[in-house]
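Each residue of the sequence shown is one higher than the one before, starting from 61 at the first, in our numbering.
Heads up, the beta-carbon is just placed ideally off N, CA and C, and yes, glycines get one too.
As the structure is a prediction and not an experimental result, all values here were calculated from the model.
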Amino acid sequence: MTLTRTLLPTFLRPLVWLGLAGLLAATLAVTASASQDSGLAAIGGEGSGLISGFVIADVDYALSDARPGRLDSVSLSVVGPDGRTTATRVSVSLIAGQPATDCLQQSPSRWTCPLDLPVAAADSLQVSASG
61 MTLTRTLLPT FLRPLVWLGL AGLLAATLAV TASASQDSGL AAIGGEGSGL
111 ISGFVIADVD YALSDARPGR LDSVSLSVVG PDGRTTATRV SVSLIAGQPA
161 TDCLQQSPSR WTCPLDLPVA AADSLQVSAS G
């Protein structure tokens with residue numbers, strides 16, 4: 061009969077395996093909770109974030125008096141779905157992929173956005189409103 065010497069007594073081995081399993085479970089739980097992307101709704105940008113529900117209406121384009129082939133401004137109404145909520149910031153872009161232009165508030169729901177671009181270059185109307 062051969063005697064082997066072990067570092068752990070036989071009765072402690074199951075406890076060691078149980079401790080290692082618990083450590084593995086705790087590590088997985090911490091990793092899973094850290095990988096949740098709770099900041100996704102705060103990221104701004106095209107096609108992301110929460111939809112505000114603002115209604116855009118009464119869009120009017122103004123041509124330059126001095127240069128009729130150019131847009132001077134665009135005016136629009138921005139109200140919440142309840143008809144009372146107003147935006148605190150509005151910007152527009154009339155050329156896809158170009159930076160937006162900040163608008164000036166004329167009344168609680170009416171905004172005017174100064175522009176200086178050729179009419180032929182305008183290929184879209186993208187409005188960003190927050191409030």
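Task: Contacts around Ser-190, its chain only, beta-carbon distance under 6 Å, and the 5 residues preceding and following it disregarded - done: Your numbering for residue 190 matches position 130 in the sequence shown. Answer for Ser-190: Arg-149, listed in chain order.
Task: For Leu-131 and Leu-177, believed in contact at Cβ under 8 Å, the rounded distance - done: For the purposes of this step, residue 177 is taken as residue 117 along the sequence shown, with counting starting at 1. For the purposes of this step, residue 131 is taken as residue 71 along the sequence shown, with counting starting at 1. Contact flag correct, Cβ pair sits at about 6 Å.
TODO: Return the residue from the list Gly-157, Val-138 and Ala-126 that minimises the CA-CA distance to Cys-163.
DONE: By 1-based counting over the sequence shown, the position of residue 163 is 103. If we check each option's Cα against that of Cys-163, Val-138 comes out closest.
Open item on the list: I need the straight-line Cα distance from Ala-147 to Thr-172, nearest angstrom please.
Closed with: Taking the sequence shown and counting its residues from 1, the one referred to as residue 147 is at position 87. Taking the sequence shown and counting its residues from 1, the one referred to as residue 172 is at position 112. Cα-Cα distance, rounded: 13 Å.
Task: Distance, Gly-129 Cα to Val-187 Cα - done: In the sequence shown, counting from the first residue as 1, residue 187 sits at position 127. In the sequence shown, counting from the first residue as 1, residue 129 sits at position 69. Cα-Cα distance, rounded: 23 Å.
Task: Own chain partners of Ala-181 with C-beta closer than 6 Å, once the 5 adjacent residues on each side are dropped - done: The residue given as residue 181 occupies position 121 in the sequence shown. Non-local C-beta neighbours of Ala-181 in its own chain, meaning closer than 6 Å and more than five positions away in sequence, comprise Ile-155, ordered along the chain.
Task: Rounded C-alpha distance that separates Asp-26 from Pro-159 - done: The structure shown does not extend to residue 26, since the chain is modelled only from 61 to 191, so the question has no answer here.
Task: Straight-line Cα distance separating Ser-167 from Asp-120 - done: Indexing the sequence shown from 1 puts residue 120 at position 60. Indexing the sequence shown from 1 puts residue 167 at position 107. The C-alpha of Ser-167 is placed about 15 Å away from the C-alpha of Asp-120.
Task: For Val-152 and Leu-185, the rounded distance between their alpha carbons - done: Here residue 185 refers to the residue found at position 125 of the sequence shown. Here residue 152 refers to the residue found at position 92 of the sequence shown. One C-alpha to the other measures close to 7 Å.
Open item on the list: Starting from Thr-172, trace the beta strand (DSSP E) in both directions and tell me its first and last residue.
Closed with: Within the sequence shown, residue 172 is the residue found at index 112, counting from 1. Here the beta strand (DSSP E) through Thr-172 covers 170 to 178.
Task: CA-to-CA distance, Ser-133 to Ala-117, given in whole angstroms - done: Working through the sequence shown from its first residue, we reach residue 117 at position 57. Working through the sequence shown from its first residue, we reach residue 133 at position 73. Each residue's alpha carbon lies about 15 Å from the other.
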